[in-house]
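Protein chains in written order, with my numbering: chain A, 875 to 1020; chain B, 16 to 673.
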Amino acid sequence: MTRKQKRLAVILGGLAMLGVAAGLVLYALRDTIVFFYTPSEVVQKNVQPGTRMRLGGLVEKGSVTKADGAKVNFIITDMTKTMNVSYTGQLPDLFREGQGVVAEGSMDASGTFVADTVLAKHDEKYMPKDVADRLKAQGVWKGSAP
Amino acid sequence: MIAEVGHFALILALGVALFQCVVPLLGAHCGNRDMMASAVPAALIQLILIYVSFAALMHAYITSDFSVQNVFENSHSTKPLLYKISGVWGNHEGSMLLWVFILALFGGAVALFGDYLPPSLKARVLAVQGSIGTAFLLFIVMTSNPFVRLDPPPIEGNGLNPLLQDPALAFHPPFLYAGYVGLSVAFSFAIAALIDGKVDAAWARWVRPWTLAAWMFLTIGISMGSWWAYYELGWGGWWFWDPVENASFMPWLVSTALLHSAIVVEKRNALKIWTVLLSILAFSLSLLGTFLVRSGVLTSVHAFAVDPQRGFFILTILCLFIGGGLTLFAWRAPNLKAGGFFSPISREGGLVLNNLFLCAACAAVLIGTLYPLGLETITGEKISVGPPYFDLTFGPIMLPLLLLVPVGALLSWKRADLGAALQRLWVAAALAMGTGLIVLMFAHRGPWLAPVGISLGAWLFFGSFVDLANRIALFRMDASASFSRLMGLPRSVLGMTLAHAGLGVMIVGIVCISLWKVEHILTMKPGDRTDVGNYTVEFVSETPMTAENYTGLAGRFRVYRGDQEIANVISEKRNFKPSGNTTEVGLLQTMFGDVYVVMGDTSADGGRVVRMYYNPFVTLIWAGAFIMFVGGGLSLSDRRYRVGAPKRRKTSLGVPAE
Chain A
875 MTRKQKRLAV
885 ILGGLAMLGV
895 AAGLVLYALR
905 DTIVFFYTPS
915 EVVQKNVQPG
925 TRMRLGGLVE
935 KGSVTKADGA
945 KVNFIITDMT
955 KTMNVSYTGQ
965 LPDLFREGQG
975 VVAEGSMDAS
985 GTFVADTVLA
995 KHDEKYMPKD
1005 VADRLKAQGV
1015 WKGSAP
Chain B
16 MIAEVGHFAL
26 ILALGVALFQ
36 CVVPLLGAHC
46 GNRDMMASAV
56 PAALIQLILI
66 YVSFAALMHA
76 YITSDFSVQN
86 VFENSHSTKP
96 LLYKISGVWG
106 NHEGSMLLWV
116 FILALFGGAV
126 ALFGDYLPPS
136 LKARVLAVQG
146 SIGTAFLLFI
156 VMTSNPFVRL
166 DPPPIEGNGL
176 NPLLQDPALA
186 FHPPFLYAGY
196 VGLSVAFSFA
206 IAALIDGKVD
216 AAWARWVRPW
226 TLAAWMFLTI
236 GISMGSWWAY
246 YELGWGGWWF
256 WDPVENASFM
266 PWLVSTALLH
276 SAIVVEKRNA
286 LKIWTVLLSI
296 LAFSLSLLGT
306 FLVRSGVLTS
316 VHAFAVDPQR
326 GFFILTILCL
336 FIGGGLTLFA
346 WRAPNLKAGG
356 FFSPISREGG
366 LVLNNLFLCA
376 ACAAVLIGTL
386 YPLGLETITG
396 EKISVGPPYF
406 DLTFGPIMLP
416 LLLLVPVGAL
426 LSWKRADLGA
436 ALQRLWVAAA
446 LAMGTGLIVL
456 MFAHRGPWLA
466 PVGISLGAWL
476 FFGSFVDLAN
486 RIALFRMDAS
496 ASFSRLMGLP
506 RSVLGMTLAH
516 AGLGVMIVGI
526 VCISLWKVEH
536 ILTMKPGDRT
546 DVGNYTVEFV
556 SETPMTAENY
566 TGLAGRFRVY
576 RGDQEIANVI
586 SEKRNFKPSG
596 NTTEVGLLQT
606 MFGDVYVVMG
616 DTSADGGRVV
626 RMYYNPFVTL
636 IWAGAFIMFV
646 GGGLSLSDRR
656 YRVGAPKRRK
666 TSLGVPAE
């Protein structure tokens, strides 16, 4: 091989590798992304049961009931629509009624959201801006407590 | 009074930094030696001033001076001394002060130990350091002054986020920052070289130790953070692909690439333009990390304050340095003389592959980290890119790299014989296969990927030692002769061997916890027993407890192996006086794995929700990182990098390559 051919081989090899990497990234971005919705958006966007998503809102006051074993049921609300959530496992330290929460999982056929992860964040960052604003306007949102 | 001194020193430091940025640069441009030399005292004075400022803030924390707003907001008089000290950087203002303090330390180190550098290069390097210092000091003085007073002073402070009250986390920020900021030296060298228009073997030899030091700090800083997340967050995992973790991981990937490409510049005078670009990128990613973490764009325990003005300011700094660096690169890089070419199958070729893989992996992480932010800004849609994305992209990109590490290290410079290199590796391959088979024998019912993954780790581990074994003629001479040869080897060879072997150890740990982790969630009442992994855990009792700055509940658990009691672990729920609750993990660490117990809330039937993990060989992850750190240290102590050595050879190597 001449010098020029060698150089070409190296460059082509590098480009091919970057191509493979880019392909992987695109493929992964299509299949592994999880969207964030509030209960209203779930209805609005007609999200199908079984679609993996993050559901965010406030834990409705008085809605937390403990079932058998480590199972917990509660309701997530964005003050317009509500959604029943069931979760088996330990709730995070910051989980409180009336506070912000994000649950990850999917809806079952009956419309109950079956969560496998529950994150509690006292922060409006985890809430679409309009919801946070609406909650603030209604005086429900306590702001981002420490 | 002391706080005012600190504030005043900070403002003076800003002035000195501005001087350090402008005067030496002009001096280097006009060839004025005095102006160039002024960079050294400027860097040292700046260091002293920032030290005074930092010490003043620390004094306020240690004496719990709540008339300083920063102390009031982030400290509490009952906090143990260690956390009063770590509280200094447990908040936005203080952590930025630590950032510039470490920057000044690096600047001072270049000034003190850089006697062997050509005066113009040294002046320019220090000037670029000065410009970074100016930007960040300005940021602190304008938006994040830690010395603001409160009148009247409150009696008690708000306390530090209890999650941050932890020994590993007390030292995680300083190490991580030392890594981030250490890369600024590589950046300064790159910018200085671009202005100079000259990159040669000597340049690479000067850049490498700084990059190596930064890389070591990053390695230890990231692994401390991961260790903290493992036992403090109570989620049973060690890495979550959280944007904040990624922010520190990306500079690590690129600085690893930089370490390797600088070798090519040093030994073969090739890949020069690429290495300069990598130096700029590595520090750019550090800045990006600082921006992501400090601007409040991301929410996590790291984002102390959400303040759009600050975010905007850091974004400006970011654009200025990254944009400026890359523009200068585009303008000046074509002037750099390209080095010699080499065969694709050679040590250089292997290092190029290493760089390609590391950069591709870093790009995948970057996209996964920034894509949600970009999408939200553009469409308002919120998404989360989680572990599945990174498993699918980062994993496959890194896999070939890991396979190739032992091969690349055996190739010779310029033109190599691949067959001969592979032949020398057959022992390592056999050992790796053997390890896989042994694992398969013990764990034949588990996932098939486990033995494969462990063989990969073993391949890396044994493969790293092949070259070393060859060099010291292991088993071909008597042990004492081999040993004396070992002692005579350059430390950088030992360092490389250890670092690669450490990577292998880490891979084994990652494979084990990823594939063999046992998770168990259930409700327990005192007296209940359950199996987790090879152990049995009994819930003994829960008792109220009080400590200096929290009250809580201690759940006692007894761990059995078979019928034999081997340990007691305690998981606590703590309620900190000023702010917040945390859960402490009950952790039993053994040679073969960890039993990890987390006590939760009460359940409907009056029991406790308890979550348990058995994490086999998880400690290998941090052990591997530590071995890599030690390898870096050995390499750093190599004679080639000692201050005196390059000086003697300066005449032969310091001349430009043209």
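Every residue gets a Cβ at the ideal spot worked out from N, C-alpha and C, and that includes glycine.
Check, Outcome
"Could you spell out the range, first to last residue, of the beta strand (DSSP E) harbouring residue 295 (chain B)?", "Residue 295 (chain B) -> not in any beta strand (DSSP E); alpha helix (DSSP H) instead, spanning 287-309."
"Residue range of the beta strand (DSSP E) that residue 630 (chain B) falls in?", "623-631"
"If we define contact as Cβ-Cβ less than 8 Å, is residue 386 (chain B) a contact residue for chain A?", "yes"
"Who are the near neighbours of residue 458 (chain B) in its chain, counting only those whose CB is closer than 8 Å to its CB and skipping five residues on each side?", "465, 466, 531"
"By DSSP, does residue 359 (chain B) sit in helix, in strand, or in coil?", "coil"
"Residue 519 (chain B) and residue 470 (chain B): beta carbons closer than 8 Å?", "no"
"Where does residue 614 (chain B) sit, in a helix, a strand or coil, going by DSSP?", "strand"
"Give me the Cβ distance between residue 980 (chain A) and residue 925 (chain A), rounded to the nearest whole Å; I'm assuming they're in contact under 8 Å.", "6 Å"
"Give the interface partners of residue 569 (chain B) over in chain A, defined as CB-CB distance under 8 Å, in chain order.", "In chain order: nothing, as chain A lies at least about 16 Å away."
"Within 10 angstroms of the Cβ of residue 223 (chain B), are there 16 or more other Cβ atoms? Answer buried if so, exposed if not.", "buried"
"Who are the Cβ neighbours of residue 451 (chain B) in its own chain at under 8 Å, not counting the five residues just before and after it?", "466, 467, 469, 470, 473"
"So, at 6 Å on beta carbons, what are the nonlocal neighbours of residue 235 (chain B) in its own chain, with the 5 sequence-adjacent residues on each side left out?", "190, 644"
"Residues in the same chain with beta-carbon distance under 6 Å from residue 151 (chain B), minus the five sequence neighbours each way, listed in chain order, please.", "115"
"I need the DSSP call for residue 338 (chain B), collapsed to helix, strand or coil.", "helix"
"Quick check: is the beta carbon of residue 890 (chain A) nearer than 8 Å to any beta carbon in chain B?", "no"
"Which residue marks the beginning of the alpha helix (DSSP H) containing residue 68 (chain B), and which one marks its end?", "54-77"
"Can the beta-carbon of residue 589 (chain B) be found closer than 8 Å to that of residue 567 (chain B)?", "yes"
"Quick one: any contact between the segment 410-417 of chain B and the segment 939-946 of chain A, if contact means 3 or more CB pairs under 8 Å?", "no"
"Counting only runs of 3+ residues fully inside the segment 901-956 of chain A, write out the beta strand (DSSP E) ranges in chain order.", "907-911, 927-933, 945-951"
"Compare the Cα-Cα distances from residue 219 (chain B) to each of B:283, B:233, B:239, B:246 and report the closest residue.", "B:283"
"Measure from the C-beta of residue 948 (chain A) to each C-beta in chain B and report whether the shortest distance is under 8 Å.", "no"
"Please classify residue 540 (chain B) as buried or exposed, where buried requires at least 16 other C-beta atoms within 10 Å of its C-beta.", "exposed"
"Could you have a look at residue 572 (chain B) and say whether DSSP puts it in helix, strand or coil?", "strand"
"Verify whether the separation of the beta carbon atoms of residue 562 (chain B) and residue 585 (chain B) is less than 8 Å.", "no"
"For residue 241 (chain B), count neighbouring Cβ atoms within 10 angstroms of its own Cβ and tell me buried if that reaches 16, exposed if not.", "buried"
"Buried or exposed for residue 556 (chain B), please, with buried defined as at least 16 other CB atoms from any protein chain shown within 10 angstroms of its CB.", "exposed"
"So is residue 170 (chain B) buried or exposed if we call it buried at 16+ other beta carbons inside 10 Å?", "exposed"
"Tell me, please, whether the segment 197-215 of chain B touches the segment 601-609 of chain B by the rule of three or more beta-carbon pairs shorter than 8 Å.", "no"
"Residue 962 (chain A) touches chain B at which residues, Cβ-Cβ below 8 Å?", "536"
"Quick check on residue 370 (chain B): does DSSP put it in helix, strand or coil?", "helix"
"Answer yes or no: do residue 265 (chain B) and residue 304 (chain B) have a C-beta to C-beta separation smaller than 8 Å?", "yes"
"Take residue 887 (chain A) and list the residues in its own chain whose beta-carbon comes closer than 8 Å to its own, dropping the five residues that flank it on each side.", "none"
"Identify, in the order they occur along the chain, each residue of the same chain with its Cβ nearer than 6 Å to the Cβ of residue 20 (chain B), setting aside the five sequence neighbours on each side.", "71"
"Closer than 8 Å is the cut-off here; do at least three beta carbon pairs connect the segment 237-251 of chain B with the segment 283-295 of chain B?", "no"
"I'd like to know whether the C-beta atoms of residue 137 (chain B) and residue 54 (chain B) end up nearer to each other than 8 Å.", "yes"
"Are the C-beta of residue 884 (chain A) and some C-beta of chain B separated by less than 8 Å?", "yes"
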